[in-house]
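**Q** Please see the structure below; I have some questions.
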Amino acid sequence: MSMIFQEPMTSLNPVYTLGKQLTEGIILHQGISQKEAEAKAIDMMKKVEIPRPEQMLKSYPFELSGGMRQRIMIAMALSCNPKLLIADEPTTALDVTVQAQILDLMNALKDELDMAIILITHDLGVVAEMCKYVYVMYAGQIVETAAIDDLLDHPLHPYTQGLLNSMPERWLGGERLYSIPGTVPPPGTKITGCKFADRCQYCTQLCRMAPPPLRRLDEHRSVRCLYCNGEGVQGGAVS
Ligand code: SF4
0 MSMIFQEPMT SLNPVYTLGK QLTEGIILHQ GISQKEAEAK AIDMMKKVEI
50 PRPEQMLKSY PFELSGGMRQ RIMIAMALSC NPKLLIADEP TTALDVTVQA
100 QILDLMNALK DELDMAIILI THDLGVVAEM CKYVYVMYAG QIVETAAIDD
150 LLDHPLHPYT QGLLNSMPER WLGGERLYSI PGTVPPPGTK ITGCKFADRC
200 QYCTQLCRMA PPPLRRLDEH RSVRCLYCNG EGVQGGAVS
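Counting in numbering that gives the first Met the number 0, the sequence shown runs from 0 upward without gaps.
Below you can see the structure in the form of structure tokens.
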């Protein structure tokens, strides 16, 4: 299992060469020599399409663009053949063109190396492009799980509905773009009932009495709402 972090500009150590950083994990995990580890690092750099990989081993992070640094992070993460890659906002700090290249690269490597990816992101466009299954989280809790097409076509939880309605891509023009009222409670806030209650248009007194369980509706679909079933929100207050 390995991980890619969201900030390529600061994820690499600025005082070590890329070669040192790429080979460290390989040597530690695979117990091979520096030379063999360098050959492996060069292979990985080729896989993530880094030009002149032999020379790159001697370069420092400041010599690379954000997109190239993120490719190095991906090479580093994949160098020990993980079965699972956790990618935490891997493209947030990159411009749109580089973002698309990195996502394409991750998709291609996922198939080539036969691994799974857990992608953590707030970007629903990226989710739609990359994911098969989605876990929507609010205030540290899963509020809905679904296959991606089901989620986009038919969101059940009021938070998921609000998220999708806030997407500029879904805006039909004319009216002001929707945004979910209120803000996320600060971490550590004690909430007795549903964590989304203060922002939910369907909230009733019952919602504030006890935390709603995550109810399973079918193999991939579950929802954490007292008033949701497979059709969406049924009942509750409508404000
Ligand atoms: S449990 Fe109540 S407050 Fe929470 S999402 Fe459902 S309707 Fe809204």
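Quick reminder that beta carbons are idealized off the backbone N, C-alpha and C, glycines included.
Which one of Lys194, Asp103 and Pro157 has the shortest CA to CA distance from Ala209?
**A** In the sequence shown, counting from the first residue as 1, residue 209 sits at position 210. Proximity to Ala209 across Lys194, Asp103 and Pro157 peaks at Lys194, based on C-alpha coordinates.
**Q** Spatial neighbours of Met67 within its chain, please: C-beta separation below 7 Å, excluding the five flanking residues on both sides.
**A** Looking up residue 67 in the sequence shown gives position 68. Within the same chain, Met67 has close Cβ partners Ile49.
**Q** Taking any heavy atom of the ligand SF4 as the mark, which residues have a C-beta closer than 5 Å to it, listed down the chain?
**A** Pro157, Cys193, Phe195, Ala196, Cys199, Tyr201, Cys202, Cys206, Pro211, Cys224, Leu225, Tyr226 and Gly235
**Q** Is there contact between the segment 152-160 and the segment 134-143, where contact requires at least three CB pairs shorter than 8 Å?
**A** Result yes; three or more Cβ-Cβ pairs closer than 8 Å.
**Q** For the candidate residues Tyr137, Pro60, Gly173 and Pro186, whose alpha-carbon lies nearest to that of Leu162?
**A** Translated into positions along the sequence shown, residue 162 becomes position 163. Nearest C-alpha to Leu162: Tyr137.
**Q** Once the 5 residues before and after Val97 are set aside, which same chain residues still bring their CB inside 6 Å of it?
**A** Within the sequence shown, residue 97 is the residue found at index 98, counting from 1. So the qualifying residues of the chain are Gly66.
**Q** Just reading off the alpha helix (DSSP H) that Leu240 is part of, what are its end residues?
**A** An answer regarding residue 240 cannot be provided, because it is not within the stretch 0 to 238 covered by the chain.
**Q** What are the start and end residues of the alpha helix (DSSP H) that includes Gln69?
**A** Start at 1 with the first residue of the sequence shown, and residue 69 comes out as number 70. Counting along the chain, the alpha helix (DSSP H) containing Gln69 begins and ends at Gly65 to Leu77.
**Q** Could you give the distance in angstroms between the alpha-carbon of Ala38 and the alpha-carbon of Met55?
**A** One-based indexing of the sequence shown puts residue 38 at position 39. One-based indexing of the sequence shown puts residue 55 at position 56. Their backbone Cα atoms lie some 12 Å apart in a straight line.
**Q** In whole angstroms, what is the alpha-carbon distance linking Ala107 and Arg220?
**A** Taking the first residue of the sequence shown as position 1, residue 107 is located at position 108. Taking the first residue of the sequence shown as position 1, residue 220 is located at position 221. Each residue's Cα considered, the two are about 27 Å apart.
**Q** Quick one, are the C-beta atoms of Lys109 and Leu84 less than 9 Å apart?
**A** Mapped onto the sequence shown, residue 109 falls at position 110. Mapped onto the sequence shown, residue 84 falls at position 85. Taking 9 Å as the cut-off, the Cβ atoms of Lys109 and Leu84 count as close.
**Q** Measure the beta-carbon distance from Leu112 to Asn164 and round it to whole angstroms, keeping in mind my assumption that it falls under 8 Å.
**A** The sequence position of residue 112 within the sequence shown is 113, counting from 1. The sequence position of residue 164 within the sequence shown is 165, counting from 1. At roughly 37 Å, the Cβ-Cβ gap does not stay under 8 Å, so Leu112 and Asn164 are not in contact.
**Q** Ends of the alpha helix (DSSP H) at Gly137?
**A** Locating residue 137 in the sequence shown gives position 138, where the first residue counts as 1. The residue you asked about is not Gly; residue 137 is Tyr in the sequence shown. Per DSSP, Tyr137 belongs to no alpha helix (DSSP H); it is in the beta strand (DSSP E), Tyr132 to Tyr137.
**Q** For Tyr15, does the count of other Cβ atoms within 10 angstroms reach 16, so buried, or fall short, so exposed?
**A** For the purposes of this step, residue 15 is identified with residue 16 of the sequence shown, where counting begins at 1. Taking every protein chain shown into account, the CB of Tyr15 has fewer than 16 other CB atoms within 10 angstroms, so this residue is exposed.
**Q** Under 9 Å, do Val47 and Ile73 count as touching if we go by C-beta distance?
**A** The count along the sequence shown starts at 1 and reaches residue 47 at position 48. The count along the sequence shown starts at 1 and reaches residue 73 at position 74. In contact: Val47 and Ile73 (Cβ atoms closer than 9 Å).
**Q** DSSP three-state call for Ala115: helix, strand or coil?
**A** Here residue 115 refers to the residue found at position 116 when the sequence shown is read from its first residue. Here Ala115 sits in strand by DSSP.
**Q** By the DSSP assignment, the beta strand (DSSP E) with Val142 in it spans what residues?
**A** On the sequence shown, residue 142 is found 143 positions in, with the first residue counted as 1. Residues Gln140 to Ala146.
**Q** Pull up the DSSP beta-bridge partners for Gly172, would you.
**A** Position 173 of the sequence shown, counted from the start, is the residue given in the question as residue 172. Partner(s): none; Gly172 has no beta bridge.
**Q** Between which two residues does the beta strand (DSSP E) holding Ser1 run?
**A** As a first step, residue 1 is located in the sequence shown; it is residue number 2 there, counting from the start. Per DSSP, Ser1 belongs to the beta strand (DSSP E) from Ser1 to Ile3.
**Q** How far does the alpha helix (DSSP H) with Asn164 in it reach, from first residue to last?
**A** The sequence position of residue 164 within the sequence shown is 165, counting from 1. Here the alpha helix (DSSP H) through Asn164 covers Pro157 to Asn164.
**Q** Nearest to Gly192 by CA position, among Leu176, Leu225, Arg169 and Pro167, is which residue?
**A** Within the sequence shown, numbered from 1, the residue matching residue 192 stands at position 193. Nearest of Leu176, Leu225, Arg169 and Pro167 to Gly192, Cα basis: Leu225.
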